[in-house]
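Counting from 1 along the sequence shown, just add 26 to a position and that's the residue number in this note's numbering.
Note that CB positions come from ideal geometry on N, CA and C, so glycine has one too.
The structure under discussion appears below in the form of C-alpha cells.
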Amino acid sequence: MKKNVYILLSLCIFSLAFLLTGCQEPEELVPTAGNKLTALSFLTADLVDTKITVEETDTEGVIAIDADVNGLKTTDMTKISVSANIPNNARVEPAFVGPVDLSEPYQFEVVGADGERQAYVIEARLSVVYQHQTLWRKTATELNFTNHNNGAVGFSGDYVVVHDRGGFFYVNISDGERAGDISMEGIDWGSLQRTVPLHMATDDAGNIASCNFGVAEGDVIHMYWWEGVTATPEMLFEYVLDIPGVQVGRKIYVRGDMTDHAFLYLGLSNKNMFLQWEIKNGQVVSEEPRRVDYSLDYTMGVQAKIIPIEVGANSNYFVARYESGVAKVAITYMDGTTNQPIYQSEHHIQGIYHQWLGGGHAFDYAQMDGAYYMFMLEQNTYNWMREIFDLRKVMLRPDKINSIMDLIKFRQWNNWLEFPLDPNFASNGNVTGEVKVRVSPDGQSALVAFLCTNGGVELWEVY
Numbered sequence: 027m028k029k030n031v032y033i034l035l036s037l038c039i040f041s042l043a044f045l046l047t048g049c050q051e052p053e054e055l056v057p058t059a060g061n062k063l064t065a066l067s068f069l070t071a072d073l074v075d076t077k078i079t080v081e082e083t084d085t086e087g088v089i090a091i092d093a094d095v096n097g098l099k100t101t102d103m104t105k106i107s108v109s110a111n112i113p114n115n116a117r118v119e120p121a122f123v124g125p126v127d128l129s130e131p132y133q134f135e136v137v138g139a140d141g142e143r144q145a146y147v148i149e150a151r152l153s154v155v156y157q158h159q160t161l162w163r164k165t166a167t168e169l170n171f172t173n174h175n176n177g178a179v180g181f182s183g184d185y186v187v188v189h190d191r192g193g194f195f196y197v198n199i200s201d202g203e204r205a206g207d208i209s210m211e212g213i214d215w216g217s218l219q220r221t222v223p224l225h226m227a228t229d230d231a232g233n234i235a236s237c238n239f240g241v242a243e244g245d246v247i248h249m250y251w252w253e254g255v256t257a258t259p260e261m262l263f264e265y266v267l268d269i270p271g272v273q274v275g276r277k278i279y280v281r282g283d284m285t286d287h288a289f290l291y292l293g294l295s296n297k298n299m300f301l302q303w304e305i306k307n308g309q310v311v312s313e314e315p316r317r318v319d320y321s322l323d324y325t326m327g328v329q330a331k332i333i334p335i336e337v338g339a340n341s342n343y344f345v346a347r348y349e350s351g352v353a354k355v356a357i358t359y360m361d362g363t364t365n366q367p368i369y370q371s372e373h374h375i376q377g378i379y380h381q382w383l384g385g386g387h388a389f390d391y392a393q394m395d396g397a398y399y400m401f402m403l404e405q406n407t408y409n410w411m412r413e414i415f416d417l418r419k420v421m422l423r424p425d426k427i428n429s430i431m432d433l434i435k436f437r438q439w440n441n442w443l444e445f446p447l448d449p450n451f452a453s454n455g456n457v458t459g460e461v462k463v464r465v466s467p468d469g470q471s472a473l474v475a476f477l478c479t480n481g482g483v484e485l486w487e488v489y
C-alpha cells in the first residue's frame with residue numbers, strides 16, 4: 027500500500043512539472059553572428075584545385091588575400107570557381123556563382139547575419155604545377171667515368187657537358203651518347219701548384235668556365251673559359267689565394283652570358299665568404315675579385331656553393347649548408363644587398379619523412395613561368411637521389427613557411443634504388459656531385475642534369 031502511495035505521489039509531481047514547463051514559449055534561436063572568412067577554395071577549368079587558409083585580421087578595412095592558385099600553363103585565370111568558408115547564416119556578395127575573373131584583384135564582401143559587412147580583395151597569382159620526366163640516364167661505366175674524377179655537369183647548345191679532372195667531354199641531350207671532347211689546348215694548370223680542375227660550370231648561354239684549385243695561401247688559380255663545346259679555351263683571370271685556412275675551386279657558378287655580361291662566383295671552403303668577378307664581353311672587369319662576407323651559425327663547408335638568382339652584383343643568392351663537417355639538406359636564401367638571411371629552413375631531421383641521406387650541397391635554382399624551383403641531389407657515400415623543392419613561398423612569402431617539409435614537391439622514398447652508384451666503381455667517399463638547370467627562353471620548360479661521382483648522369487625534362 028505504501029509503495030502505491032509513493033508511485034501516485036511521483037506521478038503527481040511529474041504532471042505538475044510538465045504543466046509548468048510545457049506552457050513556456052520555445053527558446054528563440056539566435057543566428058550565428060560573424061562575417062569573417064576562414065578559407066577559400068579554387069578550382070580551375072583544368073580541374074586543378076587549391077585551398078588556402080585566410081588568417082584572422084582585426085580590421086574594419088578591406089582585407090587583402092594573397093592567393094597562389096595552382097594550375098597548368100594553359101590555365102585561364104578569368105575562369106576560376108571559388109568557394110568560401112564563412113559563418114553560418116553569413117553570405118558572400120556578390121555570390122560566387124559561376125567562374126570568377128581572378129586575372130585582376132577581385133573584391134567581395136562577407137555579410138553577417140546581423141548585417142555587418144567585411145570587405146575582402148583576392149590578389150591571385152597563377153602557380154604553375156609543372157611535371158617532370160626522365161629523358162635518359164647513363165651509368166658511370168657507360169659514360170667512361172674515372173673513379174672519383176667526375177664532379178660537375180652543364181649545358182652548352184645541344185649538349186650536356188661532363189667534367190673530368192683529366193679533361194671535359196660532351197654528350198647529346200637527345201640520347202646521352204658521347205659526341206666529343208672539349209679542347210684543353212694551351213691550359214697551363216700543369217705548371218701550377220694544384221694541377222687539376224675539381225669543378226666546371228656553364229653559364230646561362232652555354233659558355234664553359236673552369237679552373238684549377240687552391241688549398242693554401244699563395245696557390246695560383248687560373249680560370250679559363252670556352253665559348254661553346256668546340257671553342258679553344260682562353261684565360262679569363264689569374265687569382266692568387268691570399269686568405270689563410272681556406273680552399274677555392276671546388277665549386278664554380280656563373281650567372282649570365284660571359285660573351286655579354288655575367289658574374290662568376292667562387293666559394294671559400296669552410297668559410298662564410300665568396301669571391302665574385304664581373305665579366306663583360308669575355309673579359310673580367312677587374313682581376314681583383316669582390317669579397318662578400320656574411321654571418322651565419324654554419325658555413326658552406328668544403329663544397330662551398332653560391333647560386334645567385336639573377337645577373338647583378340647584389341643579386342640575392344642561395345648558399346650550401348654544412349654543420350659539423352656534414353652537408354645538410356637545407357635551404358638558405360640570402361639578401362644580396364645586406365647579406366643577411368631572408369629564409370633559413372631547418373635542416374633534414376632523421377626519422378621524419380622516412381630517412382634523409384643528407385649531402386644537399388649539389389643544387390640549382392630555376393625561375394620558370396609561374397614557378398620557382400630548387401633541384402637538389404640528396405646523397406651520401408653509398409647512395410644518391412634526385413628531388414625538387416617548390417620555392418614559391420621562399421621567394422614571395424617566406425614568413426608563411428612552417429617547415430622545409432612544406433616545400434617538397436618531389437621526393438621519392440628509396441629513389442636511390444632506381445639509379446644506384448655504379449657497382450664497377452668505388453663508393454663516393456667525398457660525397458660529390460652536381461646539378462645544373464637550363465630554362466627554355468620562354469620559361470615554359472627546362473632541362474635538369476644530375477651528376478653523381480661514381481654513379482652517372484640523369485637528365486630530366488620539366489614541362
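Sorted by chain position, which residues of the same chain lie with C-beta nearer than 6 angstroms to G60's C-beta, five sequence neighbours on each side aside? Around G60: P113, G138.
Output yes or no for whether 8 angstroms exceeds the beta carbon distance between D72 and R151. Taking 8 angstroms as the Cβ cut-off, D72 and R151 do not qualify as a contacting pair.
Same chain, Cβ closer than 8 angstroms to F181, five either side skipped, listed in chain order: For F181, the CB contacts under 8 angstroms within the same chain, skipping 5 residues up- and downstream, are V187, I199, T228, G232, K462, R464, L473, A475 in chain order.
Collapsed DSSP secondary structure at G377 in the structure displayed: Summary for G377: the model assigns pLDDT 48, below 50, so the residue's position carries little reliability, and this model does not support an answer.
Alpha carbons only, please: which of A145, L66, T104 is nearest the one belonging to E119? When C-alpha distances from E119 are compared across A145, L66, T104, the shortest belongs to A145.
Three-state secondary structure (DSSP) of N238: Coil, per DSSP.
May I ask you to verify whether the stretch 247-259 touches the stretch 206-218, counting CB pairs closer than 8 angstroms and requiring at least 3? Touching, yes, given that three or more Cβ pairs across the two stretches are closer than 8 angstroms.
Opening and closing residue of the beta strand (DSSP E) in which K435 lies: Membership of K435 in the beta strand (DSSP E) is indicated by the continuous run 434-436.
Could you please give the first and the last residue of the uninterrupted beta strand (DSSP E) stretch that includes M103? Where M103 is concerned, there is no enclosing beta strand (DSSP E), given that its DSSP letter is neither H nor E.
Rounded to the nearest angstrom, what separates T407 and G385 at their Cα positions? Using only the alpha carbons, I get a separation of about 9 angstroms.
For N340 versus M360, is the C-beta spacing smaller than 8 angstroms? No, these two residues do not count as a Cβ contact at 8 angstroms.
Return yes when the Cβ of Y369 is within less than 8 angstroms of the Cβ of P424, no when it is not. The answer is yes: Cβ separation under 8 angstroms.
Could you work out which residue in L403, G293, R163, E336 is closest to P315 when comparing CA atoms only? Put simply, of L403, G293, R163, E336 the residue whose alpha carbon is nearest the alpha carbon of P315 is G293.
Cβ-based burial, A452 [other Cβ within 10 Å; buried from 16]: Residue burial is scored here from C-beta neighbours: A452 has fewer than 16 other C-beta atoms within 10 angstroms and is therefore classed as exposed.
Counterpart residues of P367 in DSSP-defined beta bridges: For P367, DSSP records a beta bridge to M360.
Let me make sure I understand the geometry here. Which of S153, F389, A397, N365 has the alpha-carbon closest to that of A356? Measuring C-alpha to C-alpha distances from A356 to each of S153, F389, A397, N365 identifies F389 as the nearest.
If you count every other CB in all the chains shown that lies within 10 Å of the CB of K306, and 16 or more means buried, which is it? By the 10 Å Cβ count, K306 comes out exposed.
Can you give the Cα-Cα distance for G377 and Q405, rounded to whole angstroms? Bear in mind that a pLDDT of 48 at G377, under 50, signals an unreliable position, so the model cannot answer this.
Residues bridged to T228 by DSSP? DSSP output for T228 lists I234 as bridge partner(s).
Would S371 and G327 be called neighbours here (beta carbons separated by less than 8 angstroms)? No.
For a test of the three-state rule: what should DSSP assign to S217, helix, strand or coil? The DSSP-derived three-state label of S217 is helix.
Look up L447 in the DSSP assignment and say whether it is helix, strand or coil. Note: L447 maps to coil in three-state DSSP.
Determine the burial state of Q133: buried for a count of at least 16 other Cβ atoms within 10 Å of its Cβ, exposed for fewer. Classification for Q133: exposed.
Identify which residue in V345, E313, Q309, V311 has its Cα closest to the Cα of T325. The shortest C-alpha separation from T325 is found at V345.
Pairwise C-alpha distance: Y279 and D102: The alpha-carbon atoms of D102 and Y279 are separated by roughly 37 angstroms.
Examine the Cβ distances between the stretch 441-461 and the stretch 163-183 and report whether three or more of them are shorter than 8 angstroms. Result yes; three or more Cβ-Cβ pairs closer than 8 angstroms.
Tell whether a beta-carbon distance below 8 angstroms holds between R276 and Q219. One thing to note: R276 has its Cβ no nearer than 8 angstroms to the Cβ of Q219.
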